[in-house]
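Participant: Residue numbers (our numbering): 112 to 407.
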Ligand code: GRG
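1) Find out if the Cβ-Cβ distance for the pair residue 250, residue 308 is shorter than 8 angstroms.
2) With distances taken Cα to Cα, identify the nearest neighbour of residue 179 among 144, 225, 128 and 199.
3) Tell me the residue span of the alpha helix (DSSP H) that contains residue 364.
4) Can you round the beta-carbon distance between residue 342 and residue 291 to whole angstroms, since I take them to be within the 8 angstroms contact cut?
5) Residue 378 and residue 326 look like a contact to me (Cβ under 8 angstroms); what is the Cβ gap, rounded to whole Å?
6) Which residues in the same chain have their Cβ closer than 7 angstroms to the Cβ of residue 239, if we skip the five residues on either side of it in sequence?
7) Does DSSP put residue 209 in a helix, a strand or coil?
8) Regarding residue 199 and the ligand GRG, is the C-beta to nearest heavy atom distance less than 7 angstroms?
9) Is residue 197 close to chain D, meaning its C-beta is less than 8 angstroms from at least one C-beta of that chain?
10) Can you tell me where the alpha helix (DSSP H) holding residue 413 begins and where it ends?
11) With a threshold of 6 angstroms on Cβ separation, who are the neighbours of residue 217 within its own chain once the five nearest residues in sequence on each side are excluded?
12) Could you please give the first and the last residue of the uninterrupted alpha helix (DSSP H) stretch that includes residue 203?
13) Which residues in the same chain have their Cβ closer than 7 angstroms to the Cβ of residue 112, if we skip the five residues on either side of it in sequence?
14) Tell whether a beta-carbon distance below 8 angstroms holds between residue 189 and residue 211.
15) Between the Cα of residue 299 and those of 311, 262 and 346, spot the shortest distance and give me the residue it belongs to.
16) Report the CB separation of residue 383 from residue 396 in whole angstroms; it is logged as a contact under 8 angstroms.
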């Protein structure tokens, strides 16, 4: 492990501590429905790379230096991400039995509780931002809007609709890229922008953040597609080949592994170019490079 991954581990530990505080709040009331809270915790606290949380935290730091302001947003992003993974694994979606090396939420708690845990995580994500007294009221509204847009019909949900409606069908490159930018890119973009908003970014800075995130999000999804074909199941914590099994048309289906990797590299270079507008972006540069080479 190099010194840089130790640095990212420190961020992960801070976000995990924050998430635990939020879950403790739910658990201290004896009347709460215990199984749904357990399912929420199971899905959020069971590992994951925490990419969205780190992006949020680091963009806040790069803009202002006070990353404490970004902790509620970082936690909210991980709750929304876990919500999307729970729903994505359900039998009516990808029907995946494993996630992060463990039984997926519906395999452990049943479909009804998994669905409700996902819904409860979504609601809680917005609540914790609205409730964060470290943030100005104006910023709370901006953050809630950013997150809402990324989840909604023009974001993850819209991307998933394109996905499920095109199972077994060839898609134009244009539609495929649109799906990637909505299904995966939207939350990554929200993570970067929310961090920058917490740090008080100007609209000019937000433009660079947005272009960085669009390129990173695209590269991230292509690498995800590649790993589903040539990844190591142990490292991924789930079986490979699920796209092919589910008749999913991906970037790799059209361009093959090597050409897809070249596109991911180009998009990563574009993202790195955008970081040149910021001082002290060394950690973001390292993260961006690391994500291109990731094995899980
Ligand atoms: C419930 C918000 C919501 C939407 C419903 C199911 C769905 C519509 C959208 C699916 C969105 C989705 C799962 C996109 C895939 C994004 C992706 C590449 C996930 C893997 O992210 P990693 O690699 O996972 O960051 P870890 O486990 O490291 O956190």
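Ideal placement from N, C-alpha and C gives every residue a C-beta, glycine not left out. All values derive from a computational prediction rather than experimental measurement.
Facilitator: In brief:
1) Here residue 250 refers to the residue found at position 139 of the chain shown. Here residue 308 refers to the residue found at position 197 of the chain shown. Yes; because the gap between Cβ atoms is below 8 angstroms, this pair is in contact.
2) Translated into positions along the chain shown, residue 179 becomes position 68. Taking only the C-alpha atoms, the option nearest residue 179 is 128.
3) Walking along the chain shown from the start, residue 364 turns up at place 253. It spans 362-386 - the alpha helix (DSSP H) in which residue 364 sits, taken as one unbroken run.
4) As a working note, residue 342 is residue 231 in the chain shown. As a working note, residue 291 is residue 180 in the chain shown. About 18 angstroms; that fails the 8 angstroms criterion.
5) For this step, residue 378 is matched to residue 267 along the chain shown. For this step, residue 326 is matched to residue 215 along the chain shown. Rounded, the Cβ-Cβ distance is 5 angstroms, consistent with contact.
6) Here residue 239 refers to the residue found at position 128 when the chain shown is read from its first residue. Around residue 239: 133, 183, 186 and 187.
7) As a position in the chain shown, residue 209 is number 98, starting the count at 1. The three-state reading of DSSP puts residue 209 in strand, counting E and B together.
8) For the purposes of this step, residue 199 is taken as residue 88 along the chain shown, with counting starting at 1. Residue 199 Cβ: within cutoff of the ligand GRG.
9) You won't find chain D in this structure, because it holds only one protein chain.
10) Residue 413 is absent from the model: the chain starts at 112 and stops at 407.
11) Here the question's residue 217 lines up with position 106 in the chain shown. Excluding its 5 nearest sequence neighbours in each direction, residue 217 has C-beta neighbours in its own chain below 6 angstroms: 201 and 225, listed in chain order.
12) Along the chain shown, read from residue 1 onward, the residue named residue 203 stands at position 92. Residue 203: not part of any alpha helix (DSSP H); DSSP gives it neither H nor E.
13) Walking along the chain shown from the start, residue 112 turns up at place 1. Note that residue 112 scores 37 on pLDDT, short of 50, meaning its location in the model is unreliable; the coordinates nonetheless yield the value given after this. Taken in chain order, the list of residues that qualify is empty.
14) By 1-based counting over the chain shown, the position of residue 189 is 78. By 1-based counting over the chain shown, the position of residue 211 is 100. Not closer than 8 angstroms, so no.
15) Mapped onto the chain shown, residue 299 falls at position 188. It is 262.
16) As a working mapping, residue 383 is identified with position 272 in the chain shown. As a working mapping, residue 396 is identified with position 285 in the chain shown. Correct: roughly 6 angstroms between the Cβ atoms.
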